[in-house]
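Numbering (this note's numbering), first residue to last: 172 to 325.
Using N, Cα and C, we set each Cβ at its ideal position, and we do this for glycine too.
All values derive from a computational prediction rather than experimental measurement.
Read the structure below first, then the notes.
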Amino acid sequence: MQKNKKFLLDENLGKLAKWLRILGYDSAVYKCISSKKKIYLCEKEHRIFLTRSKKIASRKEQFLRILIKSEKSDEQIMELLNIIKLDNELIFTRCTKCNYILKDIDVKSIENLIPRDIIDNFSEFKICRKCGSIYWHGSHYVAMKDKLNNLLTT
Ligand SMILES: [Zn+2]
Numbered sequence: 172m173q174k175n176k177k178f179l180l181d182e183n184l185g186k187l188a189k190w191l192r193i194l195g196y197d198s199a200v201y202k203c204i205s206s207k208k209k210i211y212l213c214e215k216e217h218r219i220f221l222t223r224s225k226k227i228a229s230r231k232e233q234f235l236r237i238l239i240k241s242e243k244s245d246e247q248i249m250e251l252l253n254i255i256k257l258d259n260e261l262i263f264t265r266c267t268k269c270n271y272i273l274k275d276i277d278v279k280s281i282e283n284l285i286p287r288d289i290i291d292n293f294s295e296f297k298i299c300r301k302c303g304s305i306y307w308h309g310s311h312y313v314a315m316k317d318k319l320n321n322l323l324t325t
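What follows is the structure, encoded as structure tokens:
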């Protein structure tokens, strides 16, 4: 398996997809497409299909798949920890909403878009060129990092 794993997740694994994106993994969730199309995309884009459906996991087509057992997103991440490698360089490099790679952005070009106190308190900003979300290492970031550390040490 290649080093930078990519995933395709069923719609009911949205929270897990968000966590995988936080960790820097390319994690696609396609809505309203058939399982057959998803399998096709997995083969074409070299993605691993993550599903909670035993039916999908036991399909005869050739594709990489992992049957996720838990209903809870925290436990789902734990299920994957033996196959995903945590790379600190990759954490928080991807938009959690749309899976795009974030780009560094100069504060001057976004100062009208975010509150003054944030501009005063943070120096590094990243932007998603697809949805326009702007990220910085604020309280939300710290909370997610704490949760991540908790997950990884338990
Ligand atoms: Zn985005």
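Q) Which value, in whole angstroms, describes the spacing of the CA atoms of Asn183 and Leu221? A) 10 Å
Q) If Ile239 sits next to Leu322, beta carbons under 8 Å apart, how far is it from one beta carbon to the other, in whole angstroms? A) So it is not a contact: roughly 15 Å between Cβ atoms.
Q: Rank Ser198, Glu246 and Ile219 by C-alpha distance to the C-alpha of Leu235 and give the top, closest one.
A: Ile219
Q.
Considering only the alpha carbon of each residue, which of Lys177, Arg192, Phe178 and Lys186 lies closest to Asn259?
A. Arg192
(Q) Give me the pocket residues for ligand 1, defined as CB within less than 6 Å of any heavy atom, sorted by chain position. (A) Per the Cβ criterion, the list is Cys266, Lys268, Cys269, Tyr271, Cys299, Lys301, Cys302 and Ser304.
Q. Hey, Tyr201 and Lys189: beta-carbon distance below 8 Å or not?
A. no
Q | Own chain residues within Cβ distance below 7 Å of Met315, not counting five before or after | A | Ile193
(Q) So the candidates are Ser280, Ile289, Lys176 and Cys299; which of them puts its Cα closest to the Cα of Ile272? (A) Cys299
Q: Verify whether the separation of the beta carbon atoms of Ile276 and Lys297 is less than 8 Å.
A: Yes; because the gap between Cβ atoms is below 8 Å, this pair is in contact.
Q.
I'd like the list of long-range same chain contacts for Lys206, defined as Cβ closer than 6 Å, with 5 residues on each side in sequence excluded.
A. It should be pointed out that residue 206 corresponds to Ser in this sequence rather than to Lys. Closer than 6 Å at the Cβ level, and outside the excluded window around Ser206, lie Ile227.
Q) How would you label Leu257, buried or exposed, when you count the other beta carbons within 10 angstroms and need 16 or more for buried? A) The residue is exposed, with fewer than 16 neighbouring Cβ atoms inside 10 Å.
Q) Helix, strand or coil for Leu194 per DSSP? A) coil
Q: Name the two residues that bound the continuous beta strand (DSSP E) containing Lys207.
A: Per DSSP, Lys207 belongs to no beta strand (DSSP E); it is in the alpha helix (DSSP H), Ser206 to Glu216.
**Q.** Contained beta strand (DSSP E) runs [length at least 3] in the stretch 241-305, N- to C-terminal order
**A.** 274-276 and 296-298
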